[in-house]
Structure formats: structure tokens, C-alpha cells
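**Student:**
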Ligand SMILES: [Zn+2]
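In the working numbering, the protein residues as written are 173 to 462.
Right, dumping it as C-alpha cells:
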């Protein structure tokens, strides 16, 4: 069974505010354990989290061995003050603060550094992000400092310009990466960056009524076409469902992600897809640890 390369154990796939608030007055181990059981039931033995601001993923790391799960976490994600990322981590306003956060994550036994470099999609408006990404210069610094500290970097990024800059700055894994153009996908294919395109949080919205299906379908189709193109160019692609996100349950989310991914690259390429995903997962397992 594949590993889950992008999860949020602090969330529950239903209502993130309620899920997060469960841990506000102290971490509820029972909630974490219930999520681990879901993965275990499906034979998922590798999980990489995206971090949170309440120490939930840090606690989860301590519990994971009881379930036979190799669980990795950045402890918290780091974002520039005033930008997207508050729900999963802490912000910095200058480079001194950024370095302090990177060192704090290391001290708290983070396996890698997670950075936020753009907003998320507006599911009711194809092509639109909640905010533009940070500047090329800023994200170069974020990557450079984390790498200098000996840490790999997982970056949440959408939008062509921002993601292109992140690939050029040698980000280790790129999460989401919606709205990429062909040249950026070609660049990605030539780079060492592993792309985790997270189709499930978009695909699983179809038919739920929260957003107009035709907008959701356009976002999904665009991302699936990008995946197919990058796959054919030989890009390193990994499987992560963003489980915990709305309508993406832990465990089942990964199975959904695989189905969407198979649709993207074409059933006839399944064997090659499996191989590609396994190679990416192996790299993450081997390299993304302190
Ligand atoms: Zn995520």
C-alpha cells in the first residue's frame, strides 16, 4: 500500500474549525488515535503531515509507533505574517524571526520544514487564488535558510509564478501546485522537486453542493491535464491526499487520491504510475528526516 505524503491529522475531513477546537484546551489523544486506526486498517504505514499550530502533529509522532506507522511532521508550518497559513502554523515578519522558527522546529524534532508560499484556490472561481504568492526573493530566502540549517522543505504553493520560483530555488516537495503552465511543468520535470498535486480536496467536492460543480470540475480537469503532461515528461510525482481537508477522510482519502491520479495519467499507464509514486515516496522516506 502507498504511503500518505500529505495529511493533516489535526483536521477531520468535515469541519476544520470544530476539529481544531477539540484540541484547544489540551491535545485529545483519542482523536489522534482514531485517525491512526483508519490508516492502519487500510494498511497505510507511512504518513507525512503538514503541521499545525497546537502541537497535535508533534504528539501524533509520539503515538504513531503504537500503530506501526512511520509518521513525519514539520511540527508547524511557517508563513509570512499577513499571508495564508495561520491554520497550520506560525508567522514571521523578518528574517531573524524566520530563522528562529526554523530552529524551533528543529528543536521540536521536526522531520523537515514546511513553508507556505501562496494562497489556496477559490473553488467558486476557476483560475483565482485567495491571494498571490510571496515574492521570488522571499521564497528563495526561506528555502535557502532552511536548507542551510540542514532541513528539507515541503512547500504549499499554487499559481504559476510562485511555483516556478520555488522549483528554481530547489524546493524538495511542492504541494498542490494548481494552475501551472507548460514551461513550469517542463522545468519541474527536469528538476529534482517532487510534486504532490493533491487532487482529492478538489475532486471530492463534486456533487456536494458547497461550490458550483462546473467551477470545481474546471479546476480539477486543469490539474489532471497538468499531471498527465508532467507525468509524460518524467516529473517526480507523489501521492498525498491532503487528508483532513473537507471531504477527504484520513485513510479513504488516499484511496480517492490514487483513483483521481489514475484518471489523470490514464488507466493504461497504471504500472508506470505506481512505479513513479513509489520512487517519490522512497525519496521522501529516506531524505525528509532530521
Ligand atoms: Zn495541506
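Note that beta-carbon positions come from the ideal geometry of N, C-alpha and C, so glycine has one too.
These numbers were taken from a predicted model, which means no experiment stands behind them.
Cβ of residue 395 within 8 Å of Cβ of residue 371?
**Tutor:** Position 223 of the chain shown holds residue 395. Position 199 of the chain shown holds residue 371. Yes, the pair counts as a contact, with Cβ atoms nearer than the cut-off.
**Student:** Measuring CA to CA, which of 205, 267, 296 is closest to residue 381?
**Tutor:** For the purposes of this step, residue 381 is taken as the residue at position 209 of the chain shown. The residue with the shortest Cα to Cα distance from residue 381 is 296.
**Student:** Starting from the C-beta of residue 331, find all residues in its chain whose C-beta is less than 7 Å away, skip the five residues before and the five after it, and write them out in chain order.
**Tutor:** On the chain shown, position 159 is the one that residue 331 refers to. Counting only Cβ-Cβ distances below 7 Å, and skipping sequence neighbours, we find 290, 301, 304, 305, 351.
**Student:** Considering Cα atoms alone, identify which of 191, 230, 298 is closest to residue 279.
**Tutor:** By 1-based counting over the chain shown, the position of residue 279 is 107. For residue 279, the nearest C-alpha among the options comes from 230.
**Student:** Between 446, 409, 441, which lies nearest to residue 178 when the distance is taken from Cα to Cα?
**Tutor:** Position 6 of the chain shown, counted from the first residue, corresponds to residue 178. Closest option to residue 178, Cα to Cα, is 409.
**Student:** With a CB to CB cut of under 8 Å and the five nearest residues on each side skipped, what residues in its chain are close to residue 200?
**Tutor:** What you label residue 200 is simply residue 28 of the chain shown in a count that begins at 1. Excluding residues within five positions, the ones whose Cβ falls inside 8 Å are 194.
**Student:** Under 8 Å Cβ to Cβ from residue 192, same chain only, skipping five residues before and after it: list those, please.
**Tutor:** Stepping through the chain shown from its first residue, residue 192 is reached at position 20. So the qualifying residues of the chain are 182, 183, 224, 226, 259.
**Student:** As an exercise, report each continuous beta strand (DSSP E) stretch of at least 3 residues that is fully enclosed by the stretch 202 to 271, in chain order.
**Tutor:** The qualifying runs are 218 to 221, 242 to 244, 249 to 252, 261 to 264.
**Student:** Quick one: grab the DSSP three-state call for residue 399.
**Tutor:** Residue numbering aside, residue 399 sits at position 227 when the chain shown is read from its first letter. Looking at residue 399 - three-state DSSP - the assignment turns out to be helix.
**Student:** By how many angstroms is the C-alpha of residue 309 removed from the C-alpha of residue 144?
**Tutor:** A query on residue 144 cannot be resolved here, the shown segment of the chain reaching from 173 to 462 and no further.
**Student:** Here's a check: name, in chain order, each residue in its chain whose Cβ is nearer than 8 Å to the Cβ of residue 274, leaving out the five neighbours to either side.
**Tutor:** The residue labelled residue 274 in the question sits at position 102 within the chain shown. These residues qualify, in order along the chain: 250, 285, 317, 318, 321, 323.
**Student:** Look up residue 319 in the DSSP assignment and say whether it is helix, strand or coil.
**Tutor:** Working through the chain shown from its first residue, we reach residue 319 at position 147. Three-state result, residue 319: helix.
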